[in-house]
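Residue numbers (our numbering): 755 to 1395.
By construction, the Cβ of each residue, glycine as well, lies at the ideal position given by its N, Cα and C atoms.
Notes to accompany the following structure.
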Amino acid sequence: MCGFTGFLDTSGVLSPNDLETEVIAMRDTIVHRGPDAGGVWVDAEAGVALGHRRLSIIDLSEAGHQPMVSSCGRFVIAYNGEAYNTDDLRNELIAKGRPFRGHSDTEVIVEGCAVWGIRGTIERLIGMFAVAVWDRQTRQLSLIRDRLGIKPLYWMQQGCRFAFGSELKTLRAMSGWQPELHRGAVASFMRHTWIPAPHTIYQNVFKLEPGVLLTLADGQVKQEAYWSAEHAVKAAQSVKGQMSDQEAEDALHDLLTDAVRRRMVSDVPLGAFLSGGIDSSTVTALMQAGSAQPVRTFSIGFHEEGYNEAVHAKAVAQHLGTEHTELYVDPAQALDVIPKLPDMFDEPFADSSQIPTFLVSQMTRQHVTVALSGDGGDELFAGYNRYFWANRFYQLSRKVPGVVRSLAASTAALTPEGLIGIGLKLKGDKRSPALMKDRLLKIARILPHSNPDDIYRSLLTHWDGAVPGADEPKGRLWDDTVADWLPDFTERMQLLDLWGYLPDDILTKVDRTSMATSLEARVPLLDHRVVEFAWTLSPEQKIRNGVGKHMLRQVLYRYVPKNLIERPKVGFSMPVAEWLRGPLRDWAEDLLDANTLRADGILDVEQIRKAWDEHQSGRRNWQYHLWAAIMFQAWKARWLP
């Protein structure tokens, strides 16, 4: 796991020393991603400079050093990630006469480019990766991002310079660039608490989207998809549900076993994040089944009642026989992390589980260098509560006249507790009254909608209109034509999450928090073969008797008894609502000061202050909304003072 950056400058005015000095400044903003070594490669005649920071995982020797030049001298690569099938590919390349100096996956990729071409090589890889390749013969630069967006890659083009990097801070270190705030992206952030690709918080700076190969030739940018979730979904339709339950369970078990086994290859110590939920427990169980020694597992807990899943993780760990370590988080530890978040994430990001994810990564890094994670299970196997909520309200909306729904929504907005009395038969949230109110407010927002996609979009919306005058970009989340070829509402929500929420929230969170501690996080459930297989399952093989992840559960039950797993889904959340009224109050109040907001001229002062006052009084739970506003203000204070 590493980080890289670079640029192509065609002005012809930069000397070799200028190129090297510039790229080193950019590279060393991401030392945390690769503390073990740093490298630079420069072609002054072409105006190309590549910089790399290395976290040594496979082949710890100098033979794995980057940037790396192919044995024929044509291709130069800077690469972040891990490819898990390079032993197989190496044998093919050796048979074709390619020489190897070491056993790193980087060398396999750059030698593969010389034999199969860049796209042909990438299509053969199983893994997570962001790659930059310079072709010295054609003078073309290629950027590639893995199929699911596990690893990040940003790019921009300004005048005669094209620049890129693993994090935005690499671009901030580039001389002569004055970043400009993208107000539309701020509006997207306030809606989602993350910024959807391809946009970033800056004007004319972009995220390379998952599964995309970008080529720069003669100053022209060309992008093409070498893999897409849409194609995978469509390809699966002809075979969907053809396997019996037992056949599907066996096939999924074998595929997951292989995905986990491949991700356990490492020249450094490794372990696993374990929450005690379905996804992480499955990954851990398969790791332990394939290991002769106890697997190292790590979990995090809270002292606040209703948030603590550490007890469940400990029970699973004891059953599997892992070597388990846990950390309990208190507000003081959260306060210590919060000032680091704007640097950690580069652009506004407000999934509050970023804090416990960082803390568990920090703890884990004290013991191992690689950790496997269970991310992706909810999107692939229909585990999110919102899938069931959205379907429930869609069915309700078809039965209840619009005027009645509008009246109920108005009543709920005034008195959210009143929703309990309108006969929706929803289970209360046992964690805290504040979170129950939050769910009721969500209900108030979605009640007026009768279109299923509007219901889903409403569930993903926090602030709407919080950035006056902003032109918010509308991406695939607003593409209603998806329903034409994917009519099942739950599957459609899964696909939209695979496009947006997964890479731009979940995977961004895991990448930044783990890499901030120089820890490599691997996600076996997002092996693209698992993703493609999951779409061949029928809806009934994912959801059975109103419970999601049916087939994944069957795999897990081979190793862990149901009584250790069966419980309401909690998620990796923390008690933000309570903390904003307590230990975090003064810090948040300062960031949301009305005079500061008014002087900034970005966020709607009245909306923000009203939500703050209502939250402090206990009349409403605005924790997610307020956390977004707070994280934006904290980011702006750090990067655009």
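| Asked | Found |
| --- | --- |
| In chain order, each alpha helix (DSSP H) run of at least 4 residues that lies wholly inside the stretch 1000-1088 | 1032-1043, 1064-1074 |
| Beta-carbon spacing of isoleucine 949, alanine 941 below 7 Å | no |
| Complete alpha helix (DSSP H) runs within the stretch 1202-1243 (minimum length 4 residues, chain order) | 1206-1213, 1236-1239 |
| Glutamine 1361 to glutamate 1077 span [Cα, whole Å] | 48 Å |
| Residue nearest to leucine 1351 in terms of C-alpha spacing, selected from Gly1336, His1073, Pro1395, Val1314 | Pro1395 |
| Cβ-based burial, arginine 1283 [other Cβ within 10 Å; buried from 16] | exposed |
| Same chain only: Cβ atoms within 6 Å of tyrosine 1255, ignoring 5 sequence neighbours per side | none |
| Whole-Å CB distance - arginine 852 paired with serine 896, under 8 Å assumed | Arginine 852 to serine 896, Cβ: 19 Å. No contact. |
| Integer-rounded CB distance, given that isoleucine 1319 should sit under 8 Å from isoleucine 1032 | 6 Å |
| Tryptophan 1381 at chain D interface by Cβ criterion, 7 Å | Looking at the structure shown, chain D is missing, and only one protein chain is on hand. |
| Counted within 10 angstroms of its Cβ, other Cβ atoms place glutamate 776 as buried (16 or more) or exposed | buried |
| Outcome for arginine 787 when other beta-carbon atoms lying within 10 angstroms are tallied against a minimum of 16 | buried |
| Three-state class that DSSP yields for threonine 969 in the structure shown | strand |
| Same chain, Cβ closer than 6 Å to lysine 1181, neighbours up to 5 away in sequence not counted | The pLDDT assigned to lysine 1181 is 45, lower than 50, so where the model puts this residue is not dependable, and the model offers no usable value. |
| Buried versus exposed, by CB contacts within 10 Å (16 or more), arginine 1050 | buried |
| Three-state secondary structure (DSSP) of glycine 919 | strand |
| Distance CB(leucine 1040)-CB(threonine 1011) smaller than 7 Å | yes |
| Leucine 1380, enclosing alpha helix (DSSP H) - first and last residue | 1377-1393 |
| Own chain partners of serine 1020 with C-beta closer than 8 Å, once the 5 adjacent residues on each side are dropped | Ile811, Ile812, Thr1123, Val1124 |
| Unbroken beta strand (DSSP E) run spanning arginine 808, endpoints | 802-808 |
| Residue range of the alpha helix (DSSP H) that includes lysine 961 | Element bounds for lysine 961: not the alpha helix (DSSP H) but the beta strand (DSSP E), 959-961. |
| Arginine 899: first and last residue of the uninterrupted beta strand (DSSP E) it sits in | 894-899 |
| Cα-Cα separation, aspartate 1251 to aspartate 1367 | 32 Å |
| Rounded separation between glutamate 934 and phenylalanine 761 - CA only | 20 Å |
| For alanine 1071 and glycine 1219, the rounded distance between their alpha carbons | 46 Å |
| Glycine 1130 and valine 975 closer than 7 Å at C-beta | no |
| Cβ contact check for the stretch 1102-1122 and the stretch 999-1006: 3 or more pairs under 8 Å | no |
| Same chain, Cβ closer than 7 Å to arginine 1119, five either side skipped, listed in chain order | Thr1271, Ser1272, Leu1273 |
| Nearest candidate by alpha-carbon position, reference histidine 936, set Phe960, Phe916, Gly805 | Phe960 |
| Among Ala1342, Pro952, Pro906, Thr1111, the one whose alpha carbon lies nearest that of alanine 1382 | Ala1342 |
| Under the three-state DSSP convention, the category glycine 766 falls into | coil |
| Inter-residue spacing [alpha-carbon to alpha-carbon] between lysine 905 and proline 1155 | 46 Å |
| Under the three-state DSSP convention, the category aspartate 772 falls into | helix |
| Exposure label - glutamate 1086; buried when at least 16 CB within 10 Å | The residue asked about is misnamed: residue 1086 is alanine in this sequence, not glutamate. The residue in question, alanine 1086, is exposed, as its Cβ has fewer than 16 Cβ neighbours within 10 Å. |
| Close beta carbons around valine 823, own chain, < 6 Å, minus the five adjacent residues each side | Val830 |
| Distance, leucine 1357 Cα to valine 1309 Cα | 47 Å |
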